[in-house]
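Heads up, the thing below is written out as structure tokens.
In this note's numbering, the protein residues as written are 9 to 373.
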């Protein structure tokens, strides 16, 4: 069943209309204060929106027009809050049992141990939270969230307090659990890399509004608005004029940039290109069909990040424009790049992405 979420609220400001794909992990990504946690709390009925509708298939949890607002215990939800939300005076087993009040006392212990075994913590069942590591506490919280076999699991920044090895281990566990039981999971995070690794569907949110949503790889590869470009951390955002003589070209300073398809527009437009899609032309090799839209440029600076390097160049005739390029470090050595070096960068027509104005995007399939 699809989880439909329509929320209209003032404090905090939320205005969104979404449908989470059934049985998938959806990442909800945005900066602090963008409304991510408030959305989870509205779904779980820890916060009641001013208006809207929240429903799992035909099961309506909230409908302001019909004055429906069912309590949390009647919603098929598992919830892992920030900082785990464990009771410090209860053991791991009893923390899980706290979510099993629908079972008889005789059945709770066995069910709690089975859930702890599922997250590989059965040997820690009688330990208190203060004696567990951060990753172990997170596993207890996840076991508790799964106690009632929920159809929807809400995870609020579940890995933010963990070190990198613990995060990676829990990424694997979450994917394993999801493969065993394909629940609908809504993962709130400000870490785009984390969302890219875990989520098959991605929602970008800013100031309580959806900036873009769709399959994760589509959103990452094809940002559709200036806000999406900003949230994805892409610095290559430029303004250009439409070529008045060619609907399939832009005028960017002294350059004519050919696009992959015609566009019927006038005036100026915003566009972007992913740093990983900017090509360098080797001076010792002939031109190929992939080397479109050449830009003679000067290298301004470079930074090595492990096996990758970021290179910033300024095209001739555009002193205020800086194009960021992401290259394997070996390419830097092969090309003998350095600040001040002359290079030719190329933009393939299919990699030039035109941006819409900052309005809510209906998703890309």
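Cβ atoms here follow ideal geometry from the backbone N, Cα and C, with glycine treated the same way.
**Asked** Looking only at C-alpha atoms, which of 360, 32, 355 sits nearest to residue 193?
**Response** 32
**Item:** Assigned secondary structure, residue 132 (DSSP; H/G/I helix, E/B strand, else coil)
**Value:** helix
**Asked** With contact counted as at least three CB pairs below 8 angstroms, one residue from each stretch, are the segment 54–68 and the segment 227–241 in contact?
**Response** no
**Item:** Cα-Cα separation, residue 369 to residue 139
**Value:** Summary for residue 369: the model assigns pLDDT 48, below 50, so the residue's position carries little reliability; its value from the coordinates is reported in the next sentence. Residue 369 and residue 139 have their C-alpha atoms spaced approximately 46 angstroms apart.
**Message:** Suppose you measure from the CA of residue 207 to the CA of residue 115; what does that come to, to the nearest Å?
**Reply:** 34 angstroms
**Message:** For residue 348, tell me which candidate among 83, 124, 330, 307 has the shortest Cα-Cα distance.
**Reply:** 307
**Per DSSP, cross-strand counterpart(s) of residue 71** = Paired residue(s): 61, 76.
**Prompt:** Considering residue 310, what are the terminal residues of the beta strand (DSSP E) in which it resides?
**Reply:** 302–313
**Request:** Per DSSP, which residues does residue 277 bridge with? Please list them.
**Result:** 248
**Request:** Starting from the C-beta of residue 13, find all residues in its chain whose C-beta is less than 6 angstroms away, skip the five residues before and the five after it, and write them out in chain order.
**Result:** 26, 62
**Message:** If I measure Cβ to Cβ from residue 145 and keep anything under 7 angstroms in the same chain, skipping five residues before and after, which residues do I get?
**Reply:** 92, 94, 137
**Prompt:** CA-CA distance, residue 29 and residue 326?
**Reply:** 44 angstroms
**Request:** Check each candidate in 168, 150, 172, 164 and name the one with the smallest Cα separation from residue 184.
**Result:** 150
**Request:** Thinking residue 106 and residue 152 are a contact (beta carbons under 8 angstroms), I'd like their distance in whole angstroms, please.
**Result:** 7 angstroms
**Prompt:** Cα separation between residue 98 and residue 77?
**Reply:** The alpha-carbon atoms of residue 98 and residue 77 are separated by roughly 31 angstroms.
**Asked** Taking the beta strand (DSSP E) that residue 2 falls in, what are its first and last residues?
**Response** Residue 2 is absent from the model: the chain starts at 9 and stops at 373.
**Message:** Quick check: is the beta carbon of residue 115 nearer than 8 angstroms to any beta carbon in chain B?
**Reply:** No chain B is present in this structure, which holds just one protein chain.
**Request:** Whole angstroms is fine: what's the gap from residue 244's alpha carbon to residue 311's?
**Result:** For the pair residue 244 and residue 311, the Cα-to-Cα distance works out to about 16 angstroms.
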